[in-house]
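J.: As they're listed, the protein sequences go chains A and B. Just so it is clear: in the first sequence, position 4 is 4 by my numbering, and no numbers are missing. Just so it is clear: in the second sequence, position 63 is 262 by my numbering, and no numbers are missing. Note that beta-carbon positions come from the ideal geometry of N, C-alpha and C, so glycine has one too. Next up is a structure, given as structure tokens.
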Amino acid sequence: MTHILDTLPLTRLPAPGSYGRTGAPGVTVALREDVAAATLVARRGAGVRLADVVQARFGLTLSDGPRMAGDDALAVLGTGPGRWLTLAQTRPGLAAELASTLDGLAAVTDQSDANILFEINGPRVLDLLAKGATIDLDPEVFRPGDVAVTAIAHVGVTLWRPGEEIAYRALVARSFAPAFARFLIAGGAEYGIGWSRRG
Amino acid sequence: MRIPCPYCGARDAHEFAYLGDATVTRPDPAAPDAEDTFFDYVYLRDNPAGPHSEWWYHASGCRQWVRVARDTRTHAILGTELARKPAGDAA
């Protein structure tokens with residue numbers, strides 16, 4: 001069932017297709033590399049002004065906790081005190097735009113090539129993530145808009161739940177993405193995995 | 200053991216790296232008795248049975264240093280606080 005992992009080089013991502021149990025997939029995974037990303041770190045004493053400018057220019061409220069604001073077009077995720085991750089599907093110049101807009105208020109670092117985004121959906125998504133996550137992902141606990149910087153299957157991930165749907169996004173460092181992909185395929189084989197790539 | 204990170208919430212201890220005693224303070228290296236006070240600071244530790252204050256680094260989470268009050272007999276966590284306030288004042 002998971003013969004793919006016997007022959008797939010450890011450094012390569014799996015090809016699009018179906019893995020594991022046949023039939024309707026229990027979990028679908030889409031890899032995206034077309035998302036611009038940048039980290040935002042508030043300069044000392046500039047937190048309030050930074051939040052004001054982000055609100056005025058982008059219409060987003062910077063959370064002081066592990067929460068997200070925005071949507072696929074532009075999202076801001078809380079990753080630590082005074083630290084956020086911004087993601088955008090339609091702004092290839094995200095980091096430059098933020099750096100010029102937030103000059104003096106925040107340190108901006110382009111992360112667009114640093115990570116690969118996994119969109120993880122499907123009726124068995126929680127069964128699969130439970131095999132690797134140590135945080136409580138119960139839908140009543142990990143609510144829409146919640147963010148967690150954590151480890152899944154010992155791989156560091158930034159995980160969030162974009163909306164009401166029981167579906168998740170996981171941002172994984174590019175060099176660890178093949179290991180994370182192997183976890184998803186090995187752990188999800190019993191549910192059937194539909195695997196695709198975009199961007 | 201789960202540690203309630205002030206930013207991230209309850210997390211498994213394996214997300215953290217342990218530094219140790221949070222009650223010691225680095226002595227003044229220019230003081231005349233610096234050699235003795237540094238010997239104490241570097242090597243000598245109390246071994247309390249009960250509540251203890253210690254540093255943990257949330258390496259797999261928010262990457263902040265956390266001061267944790269832990270009962271060494273039961274591993275009960277009595278409280279946690281960030282080592283420093285965020286650079287962005289009340290962002």
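Answer with buried or exposed for residue 210 (chain B), where buried requires no fewer than 16 other C-beta atoms within 10 angstroms of its C-beta.
T.: Sequence index remark: in the second sequence, residue 210 (chain B) carries index 11 (1-based). With 16 or more Cβ atoms within 10 Å of its Cβ, residue 210 (chain B) is classed as buried.
J.: Please report the distance separating the alpha-carbon of residue 172 (chain A) from that of residue 115 (chain A).
T.: Residue mapping note: residue 172 (chain A) aligns to position 172 of the first sequence, counting from 1. Residue mapping note: residue 115 (chain A) aligns to position 115 of the first sequence, counting from 1. Taking the straight line joining both Cα atoms gives about 5 Å.
J.: Any beta carbon from chain B within less than 8 Å of residue 148 (chain A)'s own beta carbon?
T.: Taking the first sequence and counting its residues from 1, the one referred to as residue 148 (chain A) is at position 148. True, the Cβ-Cβ gap to chain B drops below 8 Å.
J.: Kindly list, in the order they appear in chain A, the residues whose Cβ is closer than 7 Å to that of residue 256 (chain B).
T.: As a first step, residue 256 (chain B) is located in the second sequence; it is residue number 57 there, counting from the start. Near residue 256 (chain B) there are no residues of chain A at all, since even the closest Cβ is about 12 Å away, more than 7 Å.
J.: Count the other CB atoms within 10 Å of the CB of residue 278 (chain B); is the residue buried (16 or more) or exposed (fewer)?
T.: Within the second sequence, the letter at position 79 stands for residue 278 (chain B). By the neighbour-count rule (16 or more Cβ atoms within 10 Å), residue 278 (chain B) is not buried but exposed.
J.: List, in chain order, every chain B residue whose beta-carbon is nearer than 7 Å to that of residue 151 (chain A).
T.: As a working mapping, residue 151 (chain A) is identified with position 151 in the first sequence. Result: 214, 259.
J.: Check whether the Cβ of residue 217 (chain B) lies closer than 8 Å to any Cβ atom in chain A.
T.: The count along the second sequence starts at 1 and reaches residue 217 (chain B) at position 18. Cβ-Cβ to chain A under 8 Å: no for residue 217 (chain B).
J.: Hey, could you find the ends of the alpha helix (DSSP H) residue 4 (chain A) is sitting in?
T.: As a first step, residue 4 (chain A) is located in the first sequence; it is residue number 4 there, counting from the start. Note, residue 4 (chain A): alpha helix (DSSP H), 4–7.
J.: Check whether chain B comes within 8 Å of residue 90 (chain A), counting only Cβ atoms and requiring the distance to be less than that.
T.: The count along the first sequence starts at 1 and reaches residue 90 (chain A) at position 90. Cβ-Cβ to chain B under 8 Å: no for residue 90 (chain A).
J.: Out of A:178, A:185, A:78, which one is the CA nearest neighbour of residue 145 (chain A)?
T.: Numbered from its first residue, the first sequence carries residue 145 (chain A) at position 145. Taking only the C-alpha atoms, the option nearest residue 145 (chain A) is A:78.
J.: Any C-beta of chain B within less than 8 Å: which residues of the segment 50–71 of chain A qualify?
T.: Listed by position along the chain: 50, 51, 62, 64, 65, 66.
J.: Taking residue 134 (chain A) as the query, report the chain B residues whose CB atoms sit under 8 Å from its CB, ordered along the chain.
T.: Along the first sequence, one-based indexing puts residue 134 (chain A) at 134. The contacting residues are 210, 211, 213, 214.
J.: What's the C-alpha gap between residue 11 (chain A) and residue 176 (chain A)?
T.: Position 11 of the first sequence holds residue 11 (chain A). Position 176 of the first sequence holds residue 176 (chain A). Rounded to the nearest angstrom, the two C-alpha atoms are 9 Å apart.
J.: Can you check which of these residues, A:70, A:50, A:183, is closest to residue 205 (chain A) by C-alpha distance?
T.: Since the first residue of chain A shown is 1 and the last is 199, residue 205 (chain A) is not available in this structure.
J.: Listing by chain order, which chain B residues have their CB less than 9 Å from the CB of residue 101 (chain A)?
T.: Translated into the one-based positions of the first sequence, residue 101 (chain A) becomes position 101. Correct list: empty, because the minimum Cβ distance to chain B is about 16 Å.
J.: Taking C-beta pairs closer than 9 Å, name the residues in chain A that residue 262 (chain B) reaches, listed in chain order.
T.: Within the second sequence, the letter at position 63 stands for residue 262 (chain B). Going along chain A in sequence order, the residues near residue 262 (chain B) (Cβ under 9 Å) are 79, 80, 83, 149.
J.: Going by other Cβ atoms of all chains shown within 10 Å of its Cβ, with 16 needed for buried, is residue 199 (chain A) buried or exposed?
T.: Translated into the one-based positions of the first sequence, residue 199 (chain A) becomes position 199. With fewer than 16 other Cβ atoms within 10 Å, it is exposed.
J.: Which residues of chain B have a Cβ atom closer than 7 Å to the Cβ of residue 156 (chain A), listed in chain order?
T.: Position 156 of the first sequence holds residue 156 (chain A). Per Cβ cutoff of 7 Å: 259.
J.: Where does residue 214 (chain B) fall in DSSP's three states?
T.: Here residue 214 (chain B) refers to the residue found at position 15 when the second sequence is read from its first residue. It is helical.
J.: In whole angstroms, what is the alpha-carbon distance linking residue 194 (chain A) and residue 69 (chain A)?
T.: What you label residue 194 (chain A) is simply residue 194 of the first sequence in a count that begins at 1. What you label residue 69 (chain A) is simply residue 69 of the first sequence in a count that begins at 1. Their backbone Cα atoms lie some 29 Å apart in a straight line.
J.: Determine the extent of the beta strand (DSSP E) in which residue 232 (chain B) is found, giving its start and end residues.
T.: If you number the second sequence from 1, residue 232 (chain B) lands on position 33. Premise fails: residue 232 (chain B) is in no beta strand (DSSP E) and is neither H nor E.
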